[in-house]
Amino acid sequence: MVNWTKEQEQAIYTAGSDMLVAAAAGSGKTAVLVERIIQKLINKENPVDIDTLLVVTFTNAAAQEMRNRVGLALEKALAEDPASAHLKKQLSLLQRASISTLHSFCLDVVRQYAYLLDVDPAFRIANDMEIDLIKQDVIADLFEEWYGKEGEEQAQFFDVVDRFSSDRSDVEVENLVLDLYTFAMQNPWPVKWLDELADVYDVKEAVDEEELEWLTIIKREVRGQLTAIEQEAKSALELTENPEGPYQYAEAIEADIAMIWEAKANSETWDDLQAYISGSSFKALSRKKMECSEEIKDKVKKLRDSYKKRWKDMKDGWFTRNLANHMEDMHELAPVIKQLTEVVKEFKERFAQQKKEKAIVDFSDLEHHCLALLVDNDSGNENPLPSNVARHFKQKFTEVLVDEYQDTNLVQETILGLISDREGNGNMFMVGDVKQSIYRFRHAEPSLFIHKYKQFHDPNDPGQRIDLSSNFRSREQVLIGANYLFRQILDESLGEINYDRDAELIYANKSYDSFPYESPEPELLIIDRETDEETEADTDEENFADLEKAQLEARAYARKIREWTGQDGARPLQVFDKSTGTVRNFQYRDVVILMRSMTWTPTIVDELKKQGIPVYAELATGYFEAIEIKVMLSLLKVIDNPRQDIPLASVLHSPIVAMNEEELASIRLADKSHGYYDALLAYKKQHTNDLAEKATKFLNLLESFRIASRQGALSELIWSIYRETGYYDFVGGMPGGRQRQANLRALYDRARGYETTSFRGLFRFLRFIERMEERGEDLGAARALSEQEDVIRIMTIHKSKGLEFPVVILGGVDKQFNMQDLKQRYLLHKDLGLASKYIDPIKRITYPTLLYYAFQKEKQRELLAEEMRVLYVALTRAKEKLVMVGNVASYEKKQKKWEKVLDHPEWVMPEHFRMEAKSYLDWVGPALIRHQSSEVLRAEDVNEVVNNEVRMDPSNWSISIMHGSELANLEDVVNKEDINLKENIQQWEALELRNADLDAEVDEKLSYEYPYTQAAASRAKQTVTEIKRQRELKDEYSSDQLVQTSRAPIVKRPLFMQKNKTITPAEKGTAMHTVMQHIPLMKTWTKAEVERFAERLVDKEILTADEAEIIDGRVIEEFFKTEIGALMLNASEVSREVPFSLALSAKEVYATWTSDVDEQVLVQGVIDCVIPVEDGVLIVDYKTDAIQKEVTDEVMEQLKERYRTQMDLYRQAIERIWKKPVKSVYLYYFSKELLVEVPK
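The UniProt record's numbering puts the first residue of the sequence shown at 1, with every later residue one more than the last.
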């Protein structure tokens, strides 16, 4: 029985209104969601049917897991109450229940109501490759058409291209159109969003500043900077008032503060503020001599230099021009933006038309098609009303449950709003954690969660908010350490939400208390790379300054891992195992190394492998750089067009052809004036040596591949290349062969995926790959590792979301955030629209507009808020141990920067300080420098300066600073073995690798024999009919054991192509069996009656006319005159064409079976006729074999022996399955009207 917390119980049982469950990391939100569903189903007072619930998950895997959990709970409840019809009904409805991703729900809705849309109901979802290819075609055709226009339309389009393209191509304009389209489709009303883009630029001259949202943003930023400047100025002034301070500087600093106050007073009107700041200047510091501390004097100067730089940056950036000048630039850009949106809208229409013609949709279409069905066409976009379809779903679903609500986008929110109860108190149950909303780059909108989080906290709002803060994942020190950091980092002004008591993580997994940890405190390891003259001196030893940052960090990781494994003599780290309820020794797979991005990963992997540590990383790049993929793509290019010199030379030099440099040069000399392919042909004609033979062989192979590329599937061509060149097997023998073969298989799989699209052909596939490479995109290396292997895993923080690991190393905490998106020529924002730099194509100048600055600052805030949430996800993955590692160019400089927050009186660090962060370390370092256990981070004891509550926080930290030189000259575990191997090879000496302890194990493994070899070579299923057919071809010397089935090759033309259509003996036999199966056993039959009956079978399409013609009615007439025929006519019930499946011992089936391990073989067959008699049954099997010889005793014996095995199997089947004795088994030969009894 699960012991739910009070808050969890509220979340499970509370009903009657909208509910938002803010579930912190590790709080069991999925378990709560599943339990809520189960309790609604098994509630005896007010039970609901599972198909009246809509459960929306973030992934298909999560949906299936939830379905499985609900199924298990229902089975358990049904076991306790077997008579419950309601529970039985829920189990039957489970697979049809609406438990899915929102995309899957939209898919079902669109398929169900496709007739209301202009959509082919048989549409399919296109993959990314196909969509990308269609986009390329559409935009190429669109631009070609616009270039061909004349007059004003062409001039307007050229204006767009001139402003947004580079000198070389218009690819940047194409990308802008595609970006705008993608961004627009994330809005419920994409055309409306596009139309409003130009409105931002078309500003009225007499507009009120308060109406300009972007100007409000800039004013907010100015006020923030002025506050930061004032704080630094006051800090400087306090230092001048110190008894040892530079008191002569006070006058100038007081003047600075007065200037700041004056600027704040002018901040209501932009032009007043611009005029004041642009005309401002700082008073010079006094040059009078004074007795003071040089250290304090230097601090004052640095503080003043800092805030003067802030002021100058604002002055030179935002205040160089007045508002009227900025408005003029925007008015000039307005028609350009208008024309740009027209191009985007036309692209949208053409793209939609292409998808419609091909009967395909993408995931964005699913959402918008579904939305179109759910919205009443007569209602506006501002307040969309539900359609009849939406009202149907409103009535159907008693509750809408949404998992991972923080990752919902605007379109999805609109859909959910239309199908849920919006008239009453609501019926939505939303679960999530906005602190883990890290998919803004996929257009997830955390503001939706935040809005409801605040709204439902209002006691006057019917919606309810429940905070699940109890964490059942991590040890206490991990949790209170994370709380300590985020209380100082996260707040509403920058992180979009306050990290208050409701948001903090609460330790709840008390089972850890029974197994205390030796060193549970989180760790921060800083590697200082600062150099001096001594370290830079030339020595034979490895210099740490020459090592990459990733190498240094990897060596630090290796040191920690070896310590945890006990390789350095210490006791291995003890890890709590939930499955056993006790602790065990640390294993490699207990550790994950989390990175913000994977750019350092290849270096880290190499370094860890050198240290003898098994490691695996699933890279998202590097696929096209793999040598085996480069060679294959080159070969495919040559197959497509052999007159490509570089790909051709690449293939010839590769292991596929294996020409060396001299041979390649010889070919080139055969024809210097033409392409390399012509030179290869010329060399083949001019010479008869080994190289010419090699060239001939390759050219013949190439020609066969070229023919195959035109006639067959691309995937088949690729696999044919692998097989015929042996390249797949070759790369398997190279270092990393397993991964290389996985990459080649992935190329084959991608080719198959390409063929499932509406595109065909080698050229289009290669063009698609080239476009990916041009855009700098890549594919991840193929996966070549199972989940359970004992290796260190490296993954991105995003990839780790939803997972947990005993030990987490957060690496690269000093790596700078990716701010490149803030420096592009244009910026996009869901609410603000499009901001472009001012571009003058004639003067060839560009500069940021005030609108651009506003977008830039708003997006910077959103980016930093996202990075805070990403950091939160990373820290909360750890169950038992958390280690953060970073390296800095100079710790001394970092220290001085971090010490600026020591005297900050509040828990949350100053907003401007957090805004200036470039990495996670810029948040973590200053937060920890204020902690009591961080003496190593501070230059001196400053306890009296730090806020006492912050300093005395109960969290414990292990902080260390390591100089980079400590990680140089480490002994490579792998290299040591490599050196020994190299020396032995050079000396032609045997390498002694024997280990007496392992000899027995090695011998055992090498002498191992698979016990099921014979079973693997023998069929597990045999069909008696097939065996009979094979026996018909055998002579009297053939074996009578059951043999493996085989099919004769097709050597004749199909029947419809034959001039003289003839019935084969086998087909004649089938026709006779068909008549005997269907003929009524009510009377004796004459020849004419049998033939008329055959004609009726033709009318019923049981026989063909040709088959009916060859039915010999006479032999059937004669059969019914026999004793056995009469017995059939007089029997009360006769079973005909009786199928059976019989399991027999392999020793019974295969006479040559010698294995000690017996197996079961499934034998299947059909018995022609079973006649009941007293105390048993008779079996009759019809034969249409032609018996040429006179029927003698010898012939009779041969006939019996030919079918004895078959008849014995029939006998066994009836006796074992029907449980009735078989009295006799007969063969009836129609050709001789002969009845033969086959004894046992």
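Even for Gly, the Cβ is constructed at its ideal location relative to N, Cα and C.
Buried/exposed call for residue i, threshold 16 Cβ in 10 Å
i     : result
R67   : buried
V2    : exposed
T849  : buried
V1002 : exposed
Q1041 : Its pLDDT being 43, under 50, Q1041 is placed unreliably by the model, and the measurement read from it follows with that caveat. Exposed, since its Cβ has fewer than 16 Cβ neighbours within 10 Å.
Y1008 : exposed
S379  : exposed
R168  : exposed
W261  : exposed
Q8    : buried
V856  : Sequence inspection shows Gln at residue 856; the Val mentioned does not correspond to that position. Buried, because 16 or more other Cβ atoms sit within 10 Å of the Cβ of Q856.
Y453  : buried
D590  : buried
Span of the alpha helix (DSSP H) around residue i
i            : result
K219         : 213-240
H103         : 102-112
V1115        : 1113-1119
C370         : 363-374
D132         : 128-147
L875         : 850-875
T601         : 601-610
D159         : 151-164
G432         : It is not in any alpha helix (DSSP H) - G432 instead sits in the beta strand (DSSP E) that spans 428-432.
P446         : 446-455
residue 1245 : Given that the chain is displayed from residue 1 to residue 1240, the structure contains no residue 1245 and the question cannot be resolved.
Cβ pair residue i, residue j closer than 7 angstroms
i            : j     : result
S934         : I959  : yes
W270         : E349  : no
residue 1317 : D502  : Missing from the structure shown is residue 1317; the chain here goes from 1 to 1240 and no further.
residue 1243 : I629  : The structure shown does not extend to residue 1243, since the chain spans only 1 to 1240, so no value can be given for it.
M868         : L490  : yes
K283         : A250  : no
E332         : A865  : no
D1158        : A1146 : yes
V1090        : G1113 : yes
G886         : D840  : no
I253         : A275  : no
Option in the options with minimal Cα separation from residue i
i     : options                 : result
E1109 : E244, I1079, V1075      : V1075
M830  : V901, M185, F730        : Note that residue 830 is Lys in the sequence shown here, rather than Met. Checking every option, the nearest Cα to that of K830 belongs to M185.
P842  : V177, D118, F164        : The question names Pro, but residue 842 is Ile in the sequence shown. Considering only alpha carbons, the answer is F164.
I12   : F429, S1018, V203, Q136 : F429
V946  : W923, E899, R168, S98   : E899
E357  : K823, V336, F123, I218  : F123
V808  : P522, E949, T601        : P522
E174  : W189, D141, Q156, Y201  : D141
A263  : E232, K234, Q225        : Q225
Q1164 : M1207, A1151, T1152     : M1207
Residue i, enclosing beta strand (DSSP E) - first and last residue
i     : result
T846  : 845-847
Q551  : Run containing Q551: none in the beta strand (DSSP E); it sits in the alpha helix (DSSP H), 549-565.
K881  : 878-888
I1124 : Element bounds for I1124: not the beta strand (DSSP E) but the alpha helix (DSSP H), 1123-1130.
E399  : 399-402
D577  : 574-577
Cross-strand partners of residue i (DSSP beta bridge)
i     : result
L834  : L828
I1171 : L1178
S958  : E523
K44   : Its beta-bridge partners do not exist; DSSP assigns none.
T1023 : Q1164
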